[in-house]
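Numbering (the working numbering), first residue to last: -13 to 476.
For reference, the structure is listed below as structure tokens.
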Ligand code: V55
Ligand code: FE
């Protein structure tokens, strides 16, 4: 019997707890016939409620779902990621694991079981699809059935115990750069970095030490450099022994930007020191020009997540949990590496921004993200007192001119991260489709929006209507039928 603890979420965020197949989804409008492939999402859906009230929603069980596009039709499928932890909980019919990334809070007897819930990001490389979370190895997923194949360590070549949720693929070489932090065990200051070629073979490994252990959630890649933001979410054995979640916010520690030359050795890494009180959870894109390296990313000036609170006991401050598109530049020619920041837009954005992935590692013009436009209606009564869920627009942000083209999704809709899909492999930057899920808080169901990325103001081309809430999404991706030919005949 599942106990509905007070912490159990209600309304739109209530656990779904079922797996689903919807054949031939309802569509308003017309699905473009040239859209062949699959939009894949990963998020969390707690099969069993958290064991402790102070746990984070980042502990919820990984759930992978997909909208398969073929011949103008759309089918939906959703499956739990069958992690070791999920299977152990199912066998016992209870939650056996404690709070976020803290094994000291688990029940006895689970020590040898992988704690990850694999709930953060889908990622495709070398013909394989993975569900990722930064505290363990990837789980490989069958792209047709969405069933879990198992944990993957690149044929034993990948030595870090952890793998980021945000690898980066160089669109020109096809190689994937990835890393694991706390690479040799809980609280370790080891950062292992890898390149994996387009066939899935590991071609390089760097072993680095970080300035301090922090949530290294994302990285950025240029043609010349790999960037590692290190910032104020910190941890310690004391907090873990005290039963706390892994991270606490420290606004005194400086931010660092690790800059590793792609053709250099581990000793060539530079840790450029920045101000304290900064957070970059996700990057947008980066590029190198001579001795300068540029990074565009939404930046917070306080703790981004309410579940990971300040270590000094002060309350989490929602006003500082607003992110603004910022361009950072680092001058590698000066001895200490200079650091500068420029705010690009005066409107806060959701920090899940995407680009046309064919232009990663070089300067790109457009970033796409959801955000809240206060000039457009949002019906607060439906958002359960959670104004942060009111993301009513998808925007195409022109990072060079400051223009925003946007699509309004509706007054009772909260948008999730979107995906850019190029119209053709050789289309110009930004010519393609923007795809993303809207939570319809009024009808308590999920809707998939498909828009022309060059004409957002015109509204969507089609909207797929699911007859239920498709659950929380953290990240998404697109599998093209060229890269996954088995999708042509699924
Ligand atoms: C994030 C999400 C996570 C996590 C660490 O979005 C960072 C940031 C859903 O899990 O474990
Ligand atoms: Fe993320």
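Think of the CB as a built atom: it goes at the ideal place given N, C-alpha and C, for glycine as much as any other residue.
For this session: Pull up the distance between the alpha-carbon of residue 374 and that of residue 188, whole angstroms please.
Result: Here the question's residue 374 lines up with position 388 in the chain shown. Here the question's residue 188 lines up with position 202 in the chain shown. Going by the C-alpha atoms only, they are around 40 Å apart.
Exercise. For residue 265, which of 287, 234 and 175 has the nearest alpha-carbon?
Worked result: Residue numbering aside, residue 265 sits at position 279 when the chain shown is read from its first letter. When each option's Cα is compared against that of residue 265, the closest is 287.
Exercise. Would you call the segment 366 to 373 and the segment 179 to 194 in contact, with 3 or more CB pairs under 8 Å?
Worked result: In this structure the segment 366 to 373 does not lie against the segment 179 to 194, because fewer than three pairs of beta carbons, one per stretch, are closer than 8 Å.
For this session: Would you mind working out which of 223, 161, 160 and 359 sits nearest residue 382, comparing C-alpha positions?
Result: Taking the first residue of the chain shown as 1, we reach residue 382 at position 396. Nearest option by C-alpha distance: 359.
For this session: Please look up how many angstroms separate the CB atoms of residue 65 and residue 74, rounded, as I've assumed it's under 8 Å.
Result: Taking the first residue of the chain shown as 1, we reach residue 65 at position 79. Taking the first residue of the chain shown as 1, we reach residue 74 at position 88. 18 Å between Cβ atoms; not a contact.
Exercise. If we ignore side chains and look at the alpha-carbon of each, how far apart do residue 467 and residue 473 end up?
Worked result: Sequence index remark: in the chain shown, residue 467 carries index 481 (1-based). Sequence index remark: in the chain shown, residue 473 carries index 487 (1-based). Answer to the nearest angstrom: the Cα atoms are 6 Å apart.
Exercise. Which partner residues of residue 456 appear in the DSSP bridge assignment?
Worked result: For the purposes of this step, residue 456 is taken as the residue at position 470 of the chain shown. Answer by DSSP bridge pairing: none, since residue 456 is not bridged.
Exercise. Under 9 Å, do residue 30 and residue 416 count as touching if we go by C-beta distance?
Worked result: Working through the chain shown from its first residue, we reach residue 30 at position 44. Working through the chain shown from its first residue, we reach residue 416 at position 430. Contact annotation: residue 30 and residue 416 have beta-carbon atoms that are not nearer than 9 Å.
For this session: Evaluate residue 63 with the Cβ neighbour count: other Cβ atoms within 10 Å of its Cβ, from every protein chain shown; 16 or more gives buried, anything less gives exposed.
Result: Counting from 1 along the chain shown, the entry for residue 63 is found at position 77. With 16 or more other Cβ atoms from the protein chains shown falling within 10 Å of its own Cβ, residue 63 counts as buried.
Exercise. Once you ignore the five residues that flank residue 297 on each side, which residues in its own chain have a CB closer than 6 Å to its CB?
Worked result: By 1-based counting over the chain shown, the position of residue 297 is 311. Cβ neighbours of residue 297 beyond the five flanking positions: 234 and 236.
Exercise. Should residue 330 and residue 316 be called a contact, given that it needs their Cβ atoms to be closer than 9 Å?
Worked result: Taking the chain shown and counting its residues from 1, the one referred to as residue 330 is at position 344. Taking the chain shown and counting its residues from 1, the one referred to as residue 316 is at position 330. At the C-beta level, residue 330 and residue 316 stay beyond 9 Å of one another.
Exercise. DSSP three-state call for residue 324: helix, strand or coil?
Worked result: Within the chain shown, numbered from 1, the residue matching residue 324 stands at position 338. In the structure shown, residue 324 adopts extended strand secondary structure according to DSSP, grouped into three states.
Problem set entry | Simplified DSSP state of residue 296, which is helix, strand or coil | Sequence index remark: in the chain shown, residue 296 carries index 310 (1-based). Three-state DSSP puts residue 296 in a strand.
For this session: Let me know if residue 59 comes out buried or exposed under the rule of 16 or more other beta-carbons within 10 Å of its beta-carbon.
Result: For the purposes of this step, residue 59 is identified with residue 73 of the chain shown, where counting begins at 1. With a 10 Å radius around the Cβ and a threshold of 16 neighbouring Cβ atoms, residue 59 comes out exposed.
Problem set entry | Helix, strand or coil at residue 346 according to DSSP, with G and I counted as helix | For the purposes of this step, residue 346 is identified with residue 360 of the chain shown, where counting begins at 1. Residue 346: coil per DSSP, three-state reduction.
Exercise. Helix, strand or coil: how does DSSP classify residue 207 here?
Worked result: Taking the chain shown and counting its residues from 1, the one referred to as residue 207 is at position 221. Residue 207 falls in the strand class under three-state DSSP.
Exercise. Is residue 258 closer than 9 Å to residue 553 when the C-beta atoms are compared?
Worked result: Outside the shown range of the chain (-13 to 476) lies residue 553, about which nothing can therefore be said.
Exercise. What do you reckon, are the CB atoms on residue 91 and residue 122 nearer than 9 Å?
Worked result: Position 105 of the chain shown holds residue 91. Position 136 of the chain shown holds residue 122. No, Cβ-Cβ distance for residue 91 and residue 122 is not below 9 Å.
For this session: Spell out whether any CB of chain B is found under 9 Å from the CB atom of residue 249.
Result: No chain B appears in this structure, which consists of one protein chain only.
Exercise. For the putative contact between residue 3 and residue 459, defined by C-beta atoms under 8 Å, what is the C-beta separation to the nearest angstrom?
Worked result: Start at 1 with the first residue of the chain shown, and residue 3 comes out as number 17. Start at 1 with the first residue of the chain shown, and residue 459 comes out as number 473. Contact flag wrong, Cβ pair sits at about 16 Å.
For this session: Alpha carbon to alpha carbon, how far is residue 50 from residue 232? Give it in angstroms, no decimals.
Result: As a first step, residue 232 must be located in the chain shown, where it is residue number 246. As a first step, residue 50 must be located in the chain shown, where it is residue number 64. Each residue's alpha carbon lies about 24 Å from the other.
Problem set entry | Heavy atom of ligand 2 within 8 Å of residue 85 beta-carbon | If you number the chain shown from 1, residue 85 lands on position 99. No, the Cβ of residue 85 stays beyond 8 Å of every heavy atom of ligand 2.
Exercise. Does the segment 127 to 138 come close enough to the segment 209 to 228 to have 3 or more Cβ pairs within less than 8 Å?
Worked result: Judged by pairs of C-beta atoms under 8 Å, the segment 127 to 138 does not touch the segment 209 to 228, as fewer than three such pairs exist.
Problem set entry | Paired residues, beta bridge with residue 164 - DSSP | Numbered from 1 along the chain shown, position 178 holds the residue referred to as residue 164. DSSP, once it has assigned bridges, lists 180 as partnering residue 164.
Problem set entry | For residue 406, three-class secondary structure by DSSP | If you number the chain shown from 1, residue 406 lands on position 420. Secondary structure of residue 406 (DSSP, three-state): strand.
For this session: Tell me whether residue 170 counts as near ligand 2, meaning its Cβ is closer than 8 Å to at least one heavy atom of that ligand.
Result: Taking the first residue of the chain shown as 1, we reach residue 170 at position 184. Remark: the C-beta of residue 170 is outside contact range of ligand 2, defined as less than 8 Å to any heavy atom.
Problem set entry | Which listed residue (299, 393, 284 and 199) has its alpha carbon closest to that of residue 333 | The residue given as residue 333 occupies position 347 in the chain shown. Closest option to residue 333, Cα to Cα, is 284.
For this session: Would you be able to state if there are at least three C-beta pairs under 8 Å between the segment 337 to 347 and the segment 400 to 418?
Result: Contact holds: three or more Cβ-Cβ distances are below 8 Å.
Exercise. Quick one: complete alpha helix (DSSP H) runs, 4+ long, within the segment 411 to 464?
Worked result: Within the segment 411 to 464, no complete alpha helix (DSSP H) run reaches 4 residues.
Problem set entry | Whole-angstrom C-beta distance between residue 443 and residue 157, which should lie under 8 Å | Walking along the chain shown from the start, residue 157 turns up at place 171. Walking along the chain shown from the start, residue 443 turns up at place 457. Contact between residue 157 and residue 443 does not hold, since their C-beta atoms are separated by about 28 Å, which reaches or exceeds 8 Å.
For this session: Going by DSSP, name the residue or residues bridged to residue 274.
Result: Against the chain shown, residue 274 aligns to sequence position 288. DSSP, once it has assigned bridges, lists 279 as partnering residue 274.
For this session: Consider the C-beta atom of residue 88 and the heavy atoms of ligand 1; say whether any pair is separated by less than 8 Å.
Result: Walking along the chain shown from the start, residue 88 turns up at place 102. Not under cutoff, so the answer is no.
Problem set entry | Spatially closest choice to residue 7 from 453, 21 and 221, by CA coordinates | Translated into the one-based positions of the chain shown, residue 7 becomes position 21. Nearest of 453, 21 and 221 to residue 7, Cα basis: 453.
Exercise. Given that a residue counts as buried once 16 or more other Cβ atoms are within 10 Å of its Cβ, and exposed if not, what is residue -8?
Worked result: As a working note, residue -8 is residue 6 in the chain shown. Only weak support is given to the placement of residue -8: the predicted model assigns it a pLDDT of 46, under 50, and the value that follows is read from those uncertain coordinates. Residue burial annotation: residue -8 is exposed, with fewer than 16 other C-beta atoms found within 10 angstroms of its C-beta.
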